[in-house]
Amino acid sequence: MKNKYMENERYSLVLFFTVAIVYAIIYMTKNCYSAAMVHLVNENVLTKSQTGTINSVFYLVYAPFQILGGIAADKYSPHKLIAIGVLGAAISNLLILFVQNYYLILIIWVFNGAIQFGIWPGVFKIVSQGLAPTHRHNAIFYISFSSTAGLIMSYILAGVVSGWKGNFVVSSVSLFVAFVVWVILGKFLDGKMVSEDPVHHGIPHLPEIKKYENNPSGSFAPILFKSGLFILLPVIVLKSLFALGAQSITPTMIFESYDNISPAVASVLTIIPVLAGLAGKFMMQAVYRKKIYNECMTMAIVMGAMIPFIALITLVGRINVWYIVALMSIVVLMATGVSLVNTPYLSMRFVKIGRNGTVSGLVNAMASLGIVVANFVSPRIADSYGWNAVIIAWIGFAIVSVVLSLLAYIPWRKFIKNPKYQGE
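The numbers in the numbering used here rise by one with no breaks, and the one at position 382 of the sequence shown is 495.
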């Protein structure tokens, strides 16, 4: 597939905001199921175990299909991949309104996870190569806020809409509208795009690329191993566990550890780590603009700096709750900063060989597995051994992350300095 980009900067901005809004809606609807879970249980539609299983299975299916989507984004139209995913998600949310059977809901939500295979890889392909060259650097940064916006929208929706059906009605309607807008506006904008040569990614310290592979062929496996990326994949899983896990388990951990904290107050306190995550992105962006020449070293330094703050969380229940919220917020801040490095910017290293879509899908798949570990494994460790056991496990995970990042440093350094893969 011949890559095209938006030369007109005004239309480029329209394309970016359209992509960002569509992805925010997608992210909102993924989290709306979590918001509907309490209603599904209260109305005896599903049990707690069943709702948890459906949520976990969604990400277990979603993760491997992201790899497929990444490969597809490098070979086919990212606009079409996004359209397929949005329409499929809209149909999935609509169908759930008409069923109250566990197995049918499970099947529908598995389909929902699979059909979204090309959304994020397609979004990243457009943002990294489809926008005007002068917009790409900032766009790669700001597209990460779409997920945060979607998460906040899901919180608002959960507070405004009553009943589990209300969540799915809003989700399905929003997705159908997003699909129609994307198809109509996308077709118009596609006609304004031109063939791209050369490639300009707009990242200050990355070398400009004069020639790249439009239709990559051959196996990606040799590059995966030669670059050291395969060593970094577990780090991405663990980063996601810290960034999203700290947010998801904070309410339960605080509620169970402090007698004077109600579930409602514990949930409200979760907003603080979310805001810290936003700050983490801005802080990492400020550092990245100045001097980050090796993503592996950055991950090793930040993940290592997290360890003492994670260790102090073992004092939960014995120190003031606000100290725990502050410590969790610092962990989320650092982990979210790392996610900015290994989600969009790491994938940009593969633009020249036409594999940035593949890598973005692979990275998103690993991040999704981190969500499964955070939501499925951590609570079970807490049930069996207590919250301190979860925190101790996190310390171990952070140490493993540092070691793996350092192991990947040399092959990654050779990869990013090789003109065959970077620059001219």
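Glycine is no exception: its CB is placed at the ideal position from the N, C-alpha and C atoms.
Note that this is a predicted model, so its numbers are computed, not measured.
Note down the Cα distance separating residue i from residue j, rounded to an integer number of angstroms.
| i | j | result |
| --- | --- | --- |
| Lys324 | Pro335 | Summary for Lys324: the model assigns pLDDT 48, below 50, so the residue's position carries little reliability; its value from the coordinates is reported in the next sentence. Spanning the two alpha carbons is a distance of roughly 21 Å. |
| Ala392 | Asp496 | 32 Å |
| Asn206 | Glu156 | 18 Å |
| Ser518 | Gln213 | 46 Å |
| Ile443 | Asn488 | 20 Å |
| Val273 | Ser267 | 10 Å |
| Leu459 | Val415 | 16 Å |
| Arg431 | Val240 | 46 Å |
| Ile218 | Lys143 | 14 Å |
| Val348 | Gly417 | 12 Å |
| Ala202 | Ser275 | 21 Å |
| Leu181 | Leu208 | 25 Å |
| Tyr146 | Asn168 | 8 Å |
| Ala399 | Val454 | 12 Å |
| Met479 | Ile184 | 15 Å |
| Ile265 | Ile512 | 31 Å |
| Val515 | Ala521 | 10 Å |
| Gly304 | Leu388 | 39 Å |
| Ile297 | Tyr215 | 36 Å |
| Tyr189 | Val293 | 20 Å |
| Glu211 | Asn121 | One point to set straight first is that residue 211 is Phe, not Glu, in the sequence displayed. Cα-Cα distance, rounded: 45 Å. |
| Tyr498 | Thr166 | 21 Å |
| Gly198 | Phe224 | 10 Å |
Within a Cβ cutoff of 7 Å, which residues of the same chain sit near residue i, ignoring the five residues on either side of it in sequence?
| i | result |
| --- | --- |
| Ser125 | Met119, Leu244, Ala245 and His248 |
| Ala186 | Leu194, Gly231, Pro234, Gly235, Lys238, Gly470 and Gly474 |
| Ala356 | Gly390, Val445, Ala448, Thr449 and Ser452 |
| Val434 | Ile367, Tyr371 and Ile374 |
| Lys530 | none |
| Pro177 | Ala478 |
| Phe528 | Lys339, Ser340, Gly341 and Tyr534 |
Keeping to the same chain, check which residues put their C-beta closer than 6 Å to that of residue i; ignore five residues upstream and five downstream.
| i | result |
| --- | --- |
| Ala149 | Trp277 and Asn280 |
| Tyr136 | Val236 and Ser259 |
| Tyr175 | Gly226 and Ser481 |
| Asn477 | Gln179 and Trp233 |
| Ile426 | Leu440 and Ile504 |
| Phe510 | Leu351 |
| Gly315 | Any reading at Gly315 needs caution, since the residue's pLDDT is 49, under 50, leaving its predicted position unreliable; the model's value is listed next. Counting only Cβ-Cβ distances below 6 Å, and skipping sequence neighbours, we find Pro246, Arg249 and His250. |
| Ala252 | Phe129, Val240 and Leu244 |
| Ile437 | Val429 |
| Leu200 | Phe292 |
| Ile221 | Ser205, Leu208 and Ile209 |
Evaluate residue i with the Cβ neighbour count: other Cβ atoms within 10 Å of its Cβ, from every protein chain shown; 16 or more gives buried, anything less gives exposed.
| i | result |
| --- | --- |
| Pro311 | Because Pro311 carries a pLDDT of 47, less than 50, the predicted location of this residue cannot be relied on, and no value is offered for it. |
| Pro421 | exposed |
| Pro386 | buried |
| Lys300 | exposed |
| Ser308 | exposed |
| Arg462 | buried |
| Pro538 | The structure shown does not extend to residue 538, since the chain is modelled only from 114 through 537, so no value can be given for it. |
| Ile384 | exposed |
| Phe254 | buried |
| Phe338 | exposed |
| Val290 | exposed |
To which residues of the same chain is residue i closer than 8 Å at the C-beta, ignoring the five residues directly before and after it?
| i | result |
| --- | --- |
| Leu525 | What sits at residue 525 in the sequence shown is Trp, not Leu. Once the five neighbours on either side are set aside, the close Cβ partners of Trp525 are Ser340, Gly341, Leu342, Leu345, Asn407, Glu408 and Cys409. |
| Ile508 | Ile420, Ile423 and Ala424 |
| Leu153 | Leu159, Thr164 and Trp277 |
If residue i sits next to residue j, beta carbons under 8 Å apart, how far is it from one beta carbon to the other, in whole angstroms?
| i | j | result |
| --- | --- | --- |
| Met412 | Val451 | 6 Å |
| Leu351 | Gly467 | Not a contact, Cβ separation roughly 29 Å. |
| Ile139 | Gln242 | Contact flag wrong, Cβ pair sits at about 20 Å. |
| Val485 | Tyr172 | 5 Å |
| Thr456 | Ser332 | Contact flag wrong, Cβ pair sits at about 24 Å. |
| Val127 | Leu302 | 7 Å |
| Ala133 | Trp295 | That pair is no contact at about 12 Å. |
- prompt: Hey, is the region 159-173 in contact with the region 283-299, meaning 3+ C-beta pairs nearer than 8 Å?
  reply: No: fewer than three Cβ pairs fall under 8 Å.
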